[in-house]
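Structure record follows, encoded as structure tokens.
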Amino acid sequence: MRIIISIFLLTLVGCKSTNTNIIKPNEVSFKTVSIGVLYGDGTEGILESNFSIRNAKDWNIFLNTINASSHFSKVTIDFSKQQLLCVFDSIRNTSGFKIEIENIFIEKRGLKTIYTTSKPLATTMVNMVVTQPYHIVIIDKQEESITFINKDNLQ
Numbered sequence: 003m004r005i006i007i008s009i010f011l012l013t014l015v016g017c018k019s020t021n022t023n024i025i026k027p028n029e030v031s032f033k034t035v036s037i038g039v040l041y042g043d044g045t046e047g048i049l050e051s052n053f054s055i056r057n058a059k060d061w062n063i064f065l066n067t068i069n070a071s072s073h074f075s076k077v078t079i080d081f082s083k084q085q086l087l088c089v090f091d092s093i094r095n096t097s098g099f100k101i102e103i104e105n106i107f108i109e110k111r112g113l114k115t116i117y118t119t120s121k122p123l124a125t126t127m128v129n130m131v132v133t134q135p136y137h138i139v140i141i142d143k144q145e146e147s148i149t150f151i152n153k154d155n156l157q
């Protein structure tokens, strides 16, 4: 009986919390405008990059550059109060790749945007199609400088 209780207590003490959705006071809330992939063998001219869009003129130039489909035009953005943060992965030769902004927070040196990338498993069936994963989010306008950090490079 002691062995069973000891194993139970060791298991209980050894388990760490799985609650990762704790809101920190310096976090910035964001809403996804669009997440997905561009098709077209890089004809849009967007290299692997991360950037912000702070005004309507730059947003319209961006939309024209990527030949945006109708799902972008449905988004209403008040650039006097909001801005966009964009992350684009490199051009890939198959489907199954993804990029996603996970967290945005304010530090002393400015705004930090944490994103991750993922690739298909070796056993995953993928399509032979040229893609470029992206994620675009909207946040309240910030005057701080913005640093984009690939979480995969930190581990």
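Numbering (this note's numbering), first residue to last: 3 to 157. For each residue, glycine too, the CB sits at the ideal point set by N, CA and C.
| request: Have a look at N21 and K153 and give me their C-alpha separation to the nearest angstrom. | output: In this predicted model, N21 has a pLDDT of only 44, less than 50, meaning its place in the structure is not dependable; the value taken from the coordinates is given anyway. Per the coordinates, the alpha-carbon of N21 lies some 19 Å from the alpha-carbon of K153.
| query | For the beta strand (DSSP E) that I148 lies in, which residues bound it at each end? | reply | For I148, the enclosing beta strand (DSSP E) begins and ends at I148 to N152.
| said: Does chain D have any CB closer than 8 Å to the CB of T45? | reply: The displayed structure is made up of one protein chain only, and chain D is not part of it.
| query | Where do the N-terminal and C-terminal ends of the beta strand (DSSP E) with K33 fall, by residue? | reply | K33 to Y41
| Exposure of F90, with buried meaning 16 or more beta-carbon neighbours within 10 Å | With 16 or more neighbouring CB atoms inside 10 Å of its own CB, F90 falls in the buried class.
| field | Residues near P122 in its chain [Cβ-Cβ closer than 6 Å; skip 5 each side] | value | G98 and V128
| Proximal residues to I116 (C-beta, below 6 Å), its chain only, five neighbours per side dropped | E104, N105, I151 and K153
| request: Going by CA-CA distance only, name the one from S120, G112 and T118 that's closest to E145. | output: Among S120, G112 and T118, the Cα nearest to that of E145 belongs to G112.
| said: Strictly by DSSP, which residues pair up with R187? | reply: The chain is shown from 3 up to 157; residue 187 falls before or after that span and cannot be answered.
| task | Pick out the complete beta strand (DSSP E) segments inside the stretch 46 to 81, 3 residues or longer, and give them in chain order. | result | Those beta strand (DSSP E) runs which fall completely within the stretch 46 to 81 and span 3+ residues are 51 to 55.
| Euclidean distance between Cα positions of E102 and A58 | 24 Å
| query | S54 and Q84: beta carbons closer than 8 Å? | reply | Taking C-beta atoms as the reference points, S54 and Q84 fail to come closer than 8 Å.
| said: Less than 8 Å between the beta carbons of V139 and T34, yes or no? | reply: yes
| Where do the ends of the beta strand (DSSP E) carrying D142 lie? | It spans T133 to D142 - the beta strand (DSSP E) in which D142 sits, taken as one unbroken run.
| query | Opposite I103 in the DSSP bridges: which residues? | reply | Answer is Y117.
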